[in-house]
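Input: a single structure, listed below in structure tokens.
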Amino acid sequence: MATNTAATTEVSAAEEGVRRRDWIHIAALGTAGVGGASLLFPLVSQMAPSADVLAASTTEVDVGAIQPGQSIKASFRKQPLFVKRLTAEEIAKAKADDGASMRDPAKLADRTKAGHEDVLVTMGVCTHLGCVPLGAAEGENKGEFGGYFCPCHGSHYDVAGRIRKGPAPLNLQVPEYEFTSDTVIRVG
Amino acid sequence: MSFAWAKQYEPQTALTKWLDEKLPLPRLVYNAVGAGYPVPRNLNYMWNFGVLAGFFLVVQIVTGVVLAMHYAANQAVAFGTVEHIMRNVNYGWMLRYAHANGASFFFIVIYLHIFRGFFYSSYKAPREMIWLLGVVIFLLMMATAFMGYVLPWGQMSFWGAQVITGLFSAIPLVGEPLQVWLLGGFAPDNAALNRFFSLHFLLPFVIAGVVILHIWALHIPGSSNPTGVEVKQESDTVPFHPYYTAKDGFGLGVILILFTAMVFFLPNALGHPDNYIEANPLSTPAHIVPEWYFWPFYAILRAFTGDLSIPFTGIVLIPAKLLGVIAMFGSILLWFILPWLDKSPVRSGHYRPMFRKFFWFGLIPCMIALFICGGAPAEEPYVVISQIATAYYFLHFLVILPIISQIEVPKPLPFSITEAVLGGAAPGGTSGGGKINPEGVVGGLPGTATDGSLQPAE
Ligand code: HEM
Ligand code: FES
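Residue numbers (the working numbering), protein chains in the order written: chain D, 888 to 1075; chain W, 270 to 727.
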């Protein structure tokens, strides 16, 4: 206590405000601060996906055997992938809805590849909180718009995988893919 | 802290004297939960739950450390090691059931503890800091329990992790990268399981640290009490030991009977059967629900089905997904400002007629409705009910409470705790206004002098 008071009086009496030693304090604390902050970077960065997780992966899917009206579930980067062959009525319905009011407007043609308008490839990951929607397997609830229905919080997707009702903000994502032959696609 | 009349610790033996000089730990205990801590004499059983919460924290740490000796946080074997604990490890089934049900009981006692705080306004000055630290503990508990539930790597574990980390993806711009960073991948997998185990091991000890701060802050003003009138004199208090050690011991006995009944006879009643199916990233269970203790908040999350947009323009201000997330976190973060929302100088709900009506007929039914809807599928009528209840929840705290605290005429308060206990205790008598009730049949309790001063039966 006593030394404290003595020190304060000395400072206020001798050198008000700026002191020569301030420089040393700023330099020392600044160095320590930059050092500490740069330590933070690896600590934060280690939580990001590691190299093996990031390593690009591709998946080949044979879509030849899928009958109109049928869907299959494949797996792409450990996430479900839906491949659906639309029937003529479904294509007509999706096209008729192209202009309807939607949360994330998109045309059927933008979500399929030219020459393969009947093949719809989407991620099977609800854009709300990530559940796998129903509707890809026989007898599952397809929701009010005949496409997919996410049971977690009730998101309804239409035949083109577009969000039409419920809390999800976006359409089911169409991953990057290409047709390597008439019947095989390579995703990724 | 202590009141002037608190008993002083006097070491009796040579050993305790020596210890008191080198490390006065017995003194600390004596002053914190011993005879050296004077506590209001009129605490009811709602004041038992703090000690019980501490007890369940210890149960979780002890059973958890033991489980961790047999568990492996690897996506390939985690589910198997939990089954190994259940079938092969000696008493493993008991330890795991104690840990899983211990988490539920921890939340039961914490909810009753918080409920006590709401009714008796324990959050008001001079106890705001205790309340704020309590909300921090509650948030840490939620994080701990969520990550613990992921560890068995069953279907509910996996999809719970997917949905809860998905909440963060609602945040504009940084949301999606943030979710990937939290999980260490694009979907829950080994990286996520491992870090959740690490944090699930760590956080309970952080909670224990905040609990110490919580009790430290409590010991500055001391406990409140059912009248909400502050301690004024020695006769308002009794020493914590033996009075409240005995009362808390009784409460502990009761809760242990319930706890062991659950662990031994209904071990899976509070769990979800789907969690005995190993995690399958390609198939979501038809009805995913969090653990029961998250239901009210889950209902708030799901109550937002439409975007907040400018009418007739189609311009979306806040999408439904983000609204739900904001409301869910907001419903708890709101508690941080509660001490400043409820400005009524009267603490106890017993003396606040208007507050009491909204509490029992507004907040409580609203919480029950949210609880039920959170556990139900996302269908009508549950969606509409949770929307109404969510609206009331926010109205209650943000509008009703501040207004009540301005316009309400509180009932007259007793002059002191002693007077409330001895003077106004006549059967059927309403709150003691001023003087000792003249017709009071109960003049004085046995062991107390008529002047109200206490003679501890020691
Ligand atoms: C705040 C205290 C704690 C809470 C609320 C809590 C909660 C939980 C929950 C809900 C589960 C899932 C139980 C199940 O469904 O099987 C769990 C599992 C687990 N916890 Fe904790 N826990 C706590 C403290 C601890 C501590 C301190 C440790 C270790 C140091 C630990 C280690 C484990 C392990 C190894 C599992 C996986 C085994 C199993 O699923 O039964 N926990 N915890
Ligand atoms: S995750 Fe699909 S509706 Fe919420």
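In this text, a Cβ means the ideal position worked out from N, Cα and C, and glycines have one as well.
Quick check: the Cα distance between P992(D) and D576(W), rounded to an integer number of angstroms? Residue 992(D) sits at position 105 when you count from the first residue of the first sequence. Residue 576(W) sits at position 307 when you count from the first residue of the second sequence. Cα-Cα distance, rounded: 15 Å.
Ignore the nearest five residues each way along the sequence and tell me which others in A1055(D)'s own chain have a CB closer than 6 Å to its CB. Position 168 of the first sequence, counting from 1, holds the residue named residue 1055(D). C1013, T1014, H1015 and S1042, listed in sequence order.
Can you name the residues that DSSP bridges to Y1035(D)? As a working note, residue 1035(D) is residue 148 in the first sequence. Paired residues: Y1044(D).
Closer than 8 Å by beta-carbon distance: list the chain D residues that pair up with T659(W), in chain order. As a working mapping, residue 659(W) is identified with position 390 in the second sequence. Near T659(W) there are no residues of chain D at all, since even the closest Cβ is about 14 Å away, more than 8 Å.
For T1062(D), return the contacting residues in chain W, with the cut-off set at a CB-CB distance below 8 Å. Stepping through the first sequence from its first residue, residue 1062(D) is reached at position 175. Thr is not the amino acid found at residue 1062(D); the sequence shown has Pro there. Ordered by position in chain W, no residue passes the 8 Å Cβ test against P1062(D), which lies about 11 Å from the chain.
Under a CB-based cut-off of 7 Å, is W450(W) close to chain D? Your numbering for residue 450(W) matches position 181 in the second sequence. At least one chain D Cβ lies under 7 Å of W450(W).
Taking 8 Å as the limit between beta carbons, can you name the residues of its chain near W422(W), skipping five residues before and five after? Numbered from its first residue, the second sequence carries residue 422(W) at position 153. Around W422(W): Q344, A347, F348, V351, L462, E547 and A548.
Run through DSSP, which three-state label would G522(W) get? The sequence position of residue 522(W) within the second sequence is 253, counting from 1. Residue state, collapsed to three classes: helix.
Our contact map puts I686(W) next to D517(W) with C-beta atoms below 8 Å; I'd like the distance itself, whole angstroms only. Numbered from its first residue, the second sequence carries residue 686(W) at position 417. Numbered from its first residue, the second sequence carries residue 517(W) at position 248. No, I686(W) and D517(W) are not in contact; Cβ-Cβ is about 19 Å, not under 8 Å.
Delimiting residues of the beta strand (DSSP E) encompassing Q966(D): Within the first sequence, numbered from 1, the residue matching residue 966(D) stands at position 79. Per DSSP, Q966(D) belongs to the beta strand (DSSP E) from Q966 to R972.
Amino acids of chain C, ordered along the chain, whose beta-carbon sits closer than 8 Å to that of V970(D): Given the protein chain composition of this structure (D and W), no chain C is represented.
Nearest CA to the CA of L420(W): which residue from P457(W), Q448(W), F325(W) and F387(W)? Counted from its first residue, the second sequence places residue 420(W) at position 151. The option with the nearest alpha carbon to L420(W) is P457(W).
Counting contacts by CB-CB distance shorter than 7 Å, is I595(W) in contact with chain D? The residue you call residue 595(W) lines up with position 326 of the second sequence. Cβ-Cβ to chain D under 7 Å: no for I595(W).
With a threshold of 7 Å between beta carbons, is M989(D) in contact with chain W? The count along the first sequence starts at 1 and reaches residue 989(D) at position 102. No, its Cβ sits nowhere closer than 7 Å to a Cβ of chain W.
Secondary structure, beta strand (DSSP E): runs of 3+ residues fully inside the segment 591 to 658 of chain W: none
Is H1015(D) near ligand 2, in the sense that its beta carbon is under 6 Å from a heavy atom of that ligand? In the first sequence, the residue the question calls residue 1015(D) occupies position 128. True, at least one ligand heavy atom lies under 6 Å from that Cβ.
Going by the C-beta, is S685(W) closer than 6 Å to any heavy atom of ligand 2? Locating residue 685(W) in the second sequence gives position 416, counting from the first residue. No, the beta carbon of S685(W) sits no closer than 6 Å to any heavy atom of ligand 2.
With a threshold of 6 Å (Cβ to nearest heavy atom), would H1043(D) be considered close to ligand 2? Indexing the first sequence from 1 puts residue 1043(D) at position 156. The answer is no for H1043(D).
Just mark D949(D) as buried or exposed, buried being the case when its beta carbon has 16 or more other beta carbons within 10 Å. Along the first sequence, read from residue 1 onward, the residue named residue 949(D) stands at position 62. When all chains shown are included, D949(D) counts as exposed.
Buried or exposed: where does R907(D) fall if 16 or more other Cβ atoms within 10 Å of its Cβ makes it buried? Residue numbering aside, residue 907(D) sits at position 20 when the first sequence is read from its first letter. Exposed: under 16 other Cβ atoms inside 10 Å.
Is the CB-CB distance between H483(W) and L402(W) below 7 Å? One-based indexing of the second sequence puts residue 483(W) at position 214. One-based indexing of the second sequence puts residue 402(W) at position 133. Yes, the pair counts as a contact, with Cβ atoms nearer than the cut-off.
Note down, in chain order, every chain D residue with its Cβ under 8 Å from the Cβ of G478(W). Here residue 478(W) refers to the residue found at position 209 of the second sequence. Residues of chain D passing the Cβ test: none, with the nearest at roughly 20 Å.
Between L603(W) and the rest of its own chain, which residues show a CB-CB distance below 7 Å, the 5 nearest in sequence each way excluded? The residue you call residue 603(W) lines up with position 334 of the second sequence. These residues qualify, in order along the chain: F666.
With which residues is R1073(D) paired in a DSSP beta bridge? Your numbering for residue 1073(D) matches position 186 in the first sequence. Looking at the DSSP assignment, R1073(D) forms a beta bridge with E947(D) and E1065(D).
When the cut-off is 7 Å and only beta carbons count, does D1045(D) lie next to chain W? Taking the first sequence and counting its residues from 1, one reaches residue 1045(D) at position 158. Taking Cβ atoms only, chain W never reaches closer than 7 Å to D1045(D), which makes this a no.
Indicate whether the contact test is met: 3 or more Cβ pairs, each with one atom in the segment 1020 to 1032 of chain D and one in the segment 958 to 971 of chain D, closer than 8 Å. yes
What are the residues of the segment 536 to 563 of chain W that lie near chain D, defined by any Cβ-Cβ distance shorter than 8 Å? P550, L551, S552, T553, A555, H556 and I557
Can you give me the start and stop residues for the beta strand (DSSP E) that L586(W) sits inside? As a working note, residue 586(W) is residue 317 in the second sequence. I584 to I587 is the span of the beta strand (DSSP E), which, as asked, contains L586(W).
Which value, in whole angstroms, describes the spacing of the CA atoms of Y1064(D) and I1072(D)? Taking the first residue of the first sequence as 1, we reach residue 1064(D) at position 177. Taking the first residue of the first sequence as 1, we reach residue 1072(D) at position 185. Rounded to whole angstroms, Y1064(D) to I1072(D) spans 7 Å at the Cα level.
Given a threshold of 16 other Cβ atoms within 10 Å of its Cβ, counted over all protein chains shown, does N357(W) qualify as buried or as exposed? What you label residue 357(W) is simply residue 88 of the second sequence in a count that begins at 1. N357(W) comes out exposed.
Spatial distance of K291(W) from F324(W) (CA atoms): Residue mapping note: residue 291(W) aligns to position 22 of the second sequence, counting from 1. Residue mapping note: residue 324(W) aligns to position 55 of the second sequence, counting from 1. The straight-line gap from Cα to Cα measures roughly 29 Å.
Less than 7 Å between CB atoms is the rule here; does G333(W) satisfy it with respect to chain D? Walking along the second sequence from the start, residue 333(W) turns up at place 64. So no, G333(W) is outside the interface.
Neighbour-count burial assignment, D1069(D), 16 or more Cβ in a 10 Å radius: In the first sequence, residue 1069(D) corresponds to position 182, counting from 1. Exposed.
Is C642(W) near ligand 2, going by C-beta to nearest heavy atom under 6 Å? Counting from 1 along the second sequence, the entry for residue 642(W) is found at position 373. No, ligand 2 has no heavy atom inside 6 Å of this Cβ.
Note down, one range per segment and in chain order, each alpha helix (DSSP H) of at least 4 residues found wholly within the segment 357 to 421 of chain W. 361 to 388 and 397 to 419
7 Å Cβ shell around V500(W) - same chain, five flanking residues per side excluded: In the second sequence, the residue the question calls residue 500(W) occupies position 231. Contacts found: F272, P309, G491, T506 and I686.
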